[in-house]
Amino acid sequence: MSQALRPEAPAVDSSDAALRARARAVIPGGLWGHLNVAKLPEGYPQYFTSAEGCRLRDTDGREYIDFMCSWGPIVLGHRHPVVEAAARRQAEQGDCMNGPAPVLVELAELLVDTIPHADWALLAKNGTDATTACVTIARAATGRRKVLVARGSYHGAVPWCSPSLAGVTAEDRAHILTFDYNDIASLEAAAEAAKDDLAAVIITAVRHDYAAHQDLARPDFARHLRELCDATGAALILDDVRAGFRIDLGGSWEPLGVRPDLSAFSKAIANGYALAAVTGRDRFREAATQVYTTGSFWCGAVPMAAALATITELRRINGPARMKAMGERLRAGLDALSRQYRLPVRQTGPAQMPLMIFDNDPDWAKGDAFCVAALRHGAYFHPRHNMFLSCAHAEADIDRALEAAEAGFRAVARG
Ligand code: PMP
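Numbering-wise (our numbering), the sequence shown opens with residue 38 and increments by one.
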């Protein structure tokens with residue numbers, strides 16, 4: 038019987054522990070995918086009630102300075118007033134209709150204006166939609182099958198690329214070949230194996246594999262990849278789902294001077310509203326027309342209005358530069374604490390997407406102890422996954438988070 042039908046329903050316990058216990062009965066594993074905090078050390082909350090700016094509040098009433106930003110989507114800050122106002126205005130007009138609202142065209146124009154390699158844009162809901170569409174468009178355009186993927190890179194949660202092999206058949210991966218990120222020789226070997234059947238190379242903007250130090254793309258590697266695709270006619274697909282709109286608004290490889298043929302964006306594109314985009318060059322326009330891309334909610338106008346407001350605001354305030362400055366402040370503070378407590382760490386990745394891993398920490402004991410103590414002192418860090426800055430992080434927030442981080446270093450020093 039549902040709660041609502043019971044004559045005297047008991048007051049609902051919405052503590053984190055009670056919600057987790059109820060979820061175990063009705064949700065496989067308690068929660069799907071990477072958001073399941075069972076993968077984190079004890080002490081992380083699973084459920085949240087509210088968020089504003091760079092602050093996050095859990096169901097037990099504790100508040101944190103947020104360095105995960107919803108795993109990337111929150112780029113301007115939670116519930117940013119400009120984005121919320123734009124979304125509200127659109128919601129009052131209509132969201133899910135028989136076709137798109139005018140905002141679709143405005144947003145596609147803004148994407149083409151903002152991203153130098155983009156001659157066109159199409160929209161979807163999730164990063165996986167966008168990466169999968171890129172691969173399919175590349176195959177349709179080239180009439181070839183093989184796709185090169187860097188070992189350990191994450192591109193989504195469907196059989197061609199899922200990190201779990203449960204339910205995946207060998208046939209699903211039949212035309213996927215792998216190489217090592219930033220390794221020209223292994224890229225060449227994989228291209229050689231694909232022979233004249235090479236449709237595409239897909240690559241993340243940064244090597245940000247789970248539970249590993251990050252690596253920025255080496256400029257010579259990126260240039261070599263561009264040359265390989267030009268020489269073979271394969272599509273260079275940049276998976277900018279995670280880094281997009283944080284490193285450079287024109288696409289994360291703009292600073293390297295290497296432009297992809299197709300890009301996949303999602304996460305930060307609409308400051309938390311569900312949206313993804315594929316952008317591409319004219320050479321792939323016809324294939325993008327032929328490939329069947331659609332979804333029940335893909336024309337939702339509210340996320341598009343949110344994206345229009347988000348990208349316009351990021352351009353106005355130069356969001357990437359702001360996040361970089363705050364990320365560098367965090368990095369410098371963590372380095373100073375690491376020296377003070379004589380606990381060496383390695384910090385990697387772009388400053389906007391930081392990751393700190395302790396030296397000599399094979400079982401993550403130090404990283405876990407650090408994060409649990411920092412969490413107790415009000416900073417939400419992640420021990421193994423790259424974190425995210427938003428434009429809502431100000432100097433005072435970083436300094437406050439560094440006080441929590443000091444509690445983390447003290448905990449590790451105590452062993
Ligand atoms: N590519 C990359 C680089 C990602 O980080 C992610 C999400 N973590 C995806 C693709 C898939 O995006 P989504 O979870 O929105 O499907």
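Cβ coordinates follow ideal geometry from the N, Cα and C atoms, glycine included.
Item to complete: At 3 residues or longer, and completely inside the segment 50–76: list those beta strand (DSSP E) runs for me, N to C.
Response: none
Item to complete: For Y378, verify whether its CB is less than 7 Å away from any heavy atom of the ligand PMP.
Response: By one-based count along the sequence shown, residue 378 stands at place 341. No, the ligand PMP has no heavy atom inside 7 Å of this Cβ.
Discussion item. Measuring CB atoms only, is the segment 276–284 touching the segment 317–326, in the sense that at least three cross pairs come out at less than 8 Å?
Written reply: no
Worksheet item: If we ignore side chains and look at the alpha-carbon of each, how far apart do P420 and T326 end up?
Response: What you label residue 420 is simply residue 383 of the sequence shown in a count that begins at 1. What you label residue 326 is simply residue 289 of the sequence shown in a count that begins at 1. P420 and T326: Cα-Cα distance of roughly 42 Å.
Worksheet item: Can you name the start and end residues of the alpha helix (DSSP H) that I354 belongs to?
Response: As a position in the sequence shown, residue 354 is number 317, starting the count at 1. Its alpha helix (DSSP H) spans residues 338–354.
Fill in: Completely contained alpha helix (DSSP H) runs for the segment 261–293, where each covers 4 or more residues
The segment 261–293 contains no whole alpha helix (DSSP H) run of 4 or more residues.
Practice prompt. May I ask which residues mark the beginning and end of the alpha helix (DSSP H) holding L119?
Written response: Counted from its first residue, the sequence shown places residue 119 at position 82. Here residue 119 turns out to be Val, not Leu, going by the sequence shown. 118–130 is the extent of the alpha helix (DSSP H) around V119.
Item to complete: Compute the distance between the beta-carbons of R263 and P153, then report whether it is under 8 Å.
Response: Within the sequence shown, residue 263 is the residue found at index 226, counting from 1. Within the sequence shown, residue 153 is the residue found at index 116, counting from 1. Cβ atoms of R263 and P153: not closer than 8 Å.
Item to complete: Using the Cα positions of S289 and A343, report the straight-line distance between them to the nearest angstrom.
Response: For the purposes of this step, residue 289 is taken as residue 252 along the sequence shown, with counting starting at 1. For the purposes of this step, residue 343 is taken as residue 306 along the sequence shown, with counting starting at 1. Going from the Cα of S289 to the Cα of A343 covers about 21 Å.
Worksheet item: When the Cα of R451 is compared with those of F407, C428, A416, which residue comes out closest?
Response: Numbered from its first residue, the sequence shown carries residue 451 at position 414. Taking only the C-alpha atoms, the option nearest R451 is F407.
Item to complete: Please report how far the alpha carbon of D434 lies from the alpha carbon of S427, in whole angstroms.
Response: By 1-based counting over the sequence shown, the position of residue 434 is 397. By 1-based counting over the sequence shown, the position of residue 427 is 390. Going by C-alpha positions, D434 is about 11 Å away from S427.
Worksheet item: Any chance the CB of V278 is under 7 Å from a heavy atom of the ligand PMP?
Response: Mapped onto the sequence shown, residue 278 falls at position 241. Yes - the ligand PMP has a heavy atom lying nearer than 7 Å to the Cβ of V278.
Fill in: Extent of the continuous alpha helix (DSSP H) to which D434 belongs
Within the sequence shown, numbered from 1, the residue matching residue 434 stands at position 397. First-last of the alpha helix (DSSP H) with D434: 432–451.
Worksheet item: Is C171 closer than 8 Å to I64 when the C-beta atoms are compared?
Response: Here residue 64 refers to the residue found at position 27 when the sequence shown is read from its first residue. Here residue 171 refers to the residue found at position 134 when the sequence shown is read from its first residue. Taking 8 Å as the cut-off, the beta carbon of I64 is found no closer than this to the beta carbon of C171.
Item to complete: Indicate, with yes or no, if the ligand PMP has a heavy atom lying under 7 Å from the CB of T173.
Response: Taking the first residue of the sequence shown as position 1, residue 173 is located at position 136. No.
Worksheet entry | CA-to-CA distance, L345 to D166, given in whole angstroms | Counting from one through the sequence shown, the residue named residue 166 turns up at place 129. Counting from one through the sequence shown, the residue named residue 345 turns up at place 308. Rounded to whole angstroms, D166 to L345 spans 20 Å at the Cα level.
Worksheet item: Under the three-state reduction of DSSP, which class applies to S333: helix, strand or coil?
Response: Position 296 of the sequence shown, counted from the start, is the residue given in the question as residue 333. Correct three-state label for S333: coil.
Practice prompt. Just mark H71 as buried or exposed, buried being the case when its beta carbon has 16 or more other beta carbons within 10 Å.
Written response: As a first step, residue 71 is located in the sequence shown; it is residue number 34 there, counting from the start. Looking at its Cβ environment, which holds fewer than 16 other Cβ atoms inside 10 Å, H71 is exposed.
Discussion item. Below 7 Å, is the gap between the Cβ of S199 and the nearest heavy atom of the ligand PMP?
Written reply: Locating residue 199 in the sequence shown gives position 162, counting from the first residue. No, the Cβ of S199 stays beyond 7 Å of every heavy atom of the ligand PMP.
Practice prompt. Within 10 angstroms of the Cβ of F104, are there 16 or more other Cβ atoms? Answer buried if so, exposed if not.
Written response: Numbered from 1 along the sequence shown, position 67 holds the residue referred to as residue 104. With 16 or more Cβ atoms within 10 Å of its Cβ, F104 is classed as buried.
Worksheet item: When you compare only the Cα positions, how much space is there between K76 and P82?
Response: Counting from 1 along the sequence shown, the entry for residue 76 is found at position 39. Counting from 1 along the sequence shown, the entry for residue 82 is found at position 45. Cα to Cα, the separation comes out at about 12 Å.
Item to complete: Measure the C-alpha to C-alpha separation of L374 and P200 and round it to an integer number of angstroms.
Response: Position 337 of the sequence shown, counted from the start, is the residue given in the question as residue 374. Position 163 of the sequence shown, counted from the start, is the residue given in the question as residue 200. Rounded to whole angstroms, L374 to P200 spans 35 Å at the Cα level.
Practice prompt. With DSSP collapsed to three states, give me the class of M38.
Written response: The count along the sequence shown starts at 1 and reaches residue 38 at position 1. A caution first: M38 carries a pLDDT of 44, below 50, which makes its placement in the model too unreliable to give a value.
Discussion item. Among the candidates C106, G131, H422, G287, whose CA atom is the shortest distance from the CA of A305?
Written reply: The residue you call residue 305 lines up with position 268 of the sequence shown. Closest by alpha carbon: C106.
Worksheet item: Is any heavy atom of the ligand PMP found at a distance shorter than 7 Å from the C-beta of A491?
Response: This structure does not reach residue 491, given that the chain is present from 38 up to 452, and the question cannot be answered.
Item to complete: Tell me, please, whether the segment 172–181 touches the segment 345–354 by the rule of three or more beta-carbon pairs shorter than 8 Å.
Response: no
Practice prompt. Thinking L293 and A259 are a contact (beta carbons under 8 Å), I'd like their distance in whole angstroms, please.
Written response: For this step, residue 293 is matched to residue 256 along the sequence shown. For this step, residue 259 is matched to residue 222 along the sequence shown. With a contact defined as Cβ atoms closer than 8 Å, L293 and A259 qualify at about 5 Å.
Item to complete: Kindly list the residues whose CB is nearer than 7 Å to the CB of A177, restricted to its own chain and excluding five residues on each side of it in sequence; keep chain order.
Response: Mapped onto the sequence shown, residue 177 falls at position 140. So the list reads A324, Q327, V328, once near-sequence residues are dropped.
Worksheet entry | Contacting residues, own chain, Cβ-Cβ under 7 Å from D277 (five flanking each side not counted) | What you label residue 277 is simply residue 240 of the sequence shown in a count that begins at 1. So the list reads A242, G288, S289, S300, A301, F302, once near-sequence residues are dropped.
Item to complete: Sort P340, R413, R379, E440 by Cα distance to L367 and report the nearest one.
Response: The residue you call residue 367 lines up with position 330 of the sequence shown. For L367, the nearest C-alpha among the options comes from E440.
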